[in-house]
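What follows is a short report on a single structure.
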């Protein structure tokens, strides 16, 4: 996937996500997940040099729709990004 960073520059990211899921309610369609994502990204301000990433992954979903999210840690006034997206499974 690709997204625009805080300087409005495109940042591609590709990788693998692993997630363990639980169905804590009697309704089998509702599910929670925890895992990680590992991949490679490239930033404009680092001359698009490939950078490895290893980030936590969490999700909440119902049926084929899942809301996934990760947290990108940073330093004071630099980083600390909550990143989220929707996934639909066919």
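Residue numbers (the working numbering): 1418 to 1507.
Every residue, glycine too, gets a C-beta built ideally from N, C-alpha and C.
Owing to the predicted nature of the structure, the values given are computational and were not obtained by experimental measurement.
With 16 other CB atoms within 10 Å as the buried threshold, where does residue i fall?
i, result
"residue 1478", "buried"
"residue 1476", "buried"
"residue 1485", "buried"
Look at residue i and residue j and say whether their C-beta atoms are less than 7 Å apart.
i, j, result
"residue 1500", "residue 1487", "yes"
Quick one: Cα of residue i to Cα of residue j, how far?
i, j, result
"residue 1440", "residue 1433", "23 Å"
"residue 1437", "residue 1480", "16 Å"
"residue 1498", "residue 1448", "24 Å"
"residue 1468", "residue 1443", "42 Å"
"residue 1462", "residue 1507", "37 Å"
Regarding residue i and the ligand FAD, is the C-beta to nearest heavy atom distance less than 6 Å?
i, result
"residue 1475", "For the structure depicted, the ligand FAD is absent and the ligand set is empty, with no information on it obtainable."
Item to check | Touch test, the segment 1466-1480 against the segment 1448-1457, Cβ-Cβ under 8 Å, three pairs minimum | outcome: yes
Checklist entry - Considering only residues of the segment 1445-1504, which uninterrupted beta strand (DSSP E) runs meet the minimum length of 3 residues and lie entirely inside it, listed in chain order? => result 1447-1459, 1467-1479 and 1482-1489
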